[in-house]
Amino acid sequence: MKNDSNTALLNFVLYVLVILCVVFAVWSMWRTRDLRQLQINLQIQMQRTQTATVRAQALLNDVITFNTTAKSPELAQIIQSAQAPQTAAK
Numbered sequence: 001m002k003n004d005s006n007t008a009l010l011n012f013v014l015y016v017l018v019i020l021c022v023v024f025a026v027w028s029m030w031r032t033r034d035l036r037q038l039q040i041n042l043q044i045q046m047q048r049t050q051t052a053t054v055r056a057q058a059l060l061n062d063v064i065t066f067n068t069t070a071k072s073p074e075l076a077q078i079i080q081s082a083q084a085p086q087t088a089a090k
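Residue numbers for the sequence shown follow this note's numbering, beginning at 1 and rising by one.
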C-alpha cells in the first residue's frame with residue numbers, strides 16, 4: 001500500500017461498520033424475540049377473554065330459559081340490564 005494513513009483510516013471505518021452491523025443484528029434479534037413473546041401473550045389473553053365471554057353468554061342464556069318458566073320480576077330486570085350492553089355494542 002502506498003498510503004498507510006488512508007489504509008488505516010479505511011480499515012478503521014470498516015471495523016466500525018462491522019461492529020455496528022453486529023450490534024444492530026443482535027438488537028434486531030432481541031426486539032423480534034420480544035415481539036413474538038408479546039404476540040403469544042396477546043393470543044393467550046384473547047383466548048381467555050373469548051372463553052369467559054362464551055361462558056357468560058351461556059349462563060345468560062340459561063338464566064333467560066329459567067326465567068321463562070319461573071317468571072321472576074327481579075330476574076327479568078337483571079336480564080334486561082345484562083342484555084343492554086350487548087345491544088349497545090352491536
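Virtual Cβ for every residue (Gly too), placed ideally from N, Cα, C.
Rounded Cβ spacing between residue i and residue j (contact assumed at less than 8 Å)
{"i": "ASN61", "j": "ILE79", "result": "About 10 Å; that fails the 8 Å criterion."}
Top-ranked residue by Cα proximity to residue i, from the options
{"i": "GLN57", "options": "PRO85, GLN45 and THR69", "result": "PRO85"}
{"i": "GLN83", "options": "SER72, THR69, VAL63 and ALA70", "result": "VAL63"}
Residues of its chain near residue i, where Cβ-Cβ distance is below 7 Å and the 5 sequence neighbours each way are ignored
{"i": "ARG31", "result": "none"}
Residue range of the unbroken alpha helix (DSSP H) whose run includes residue i
{"i": "SER28", "result": "4 to 70"}
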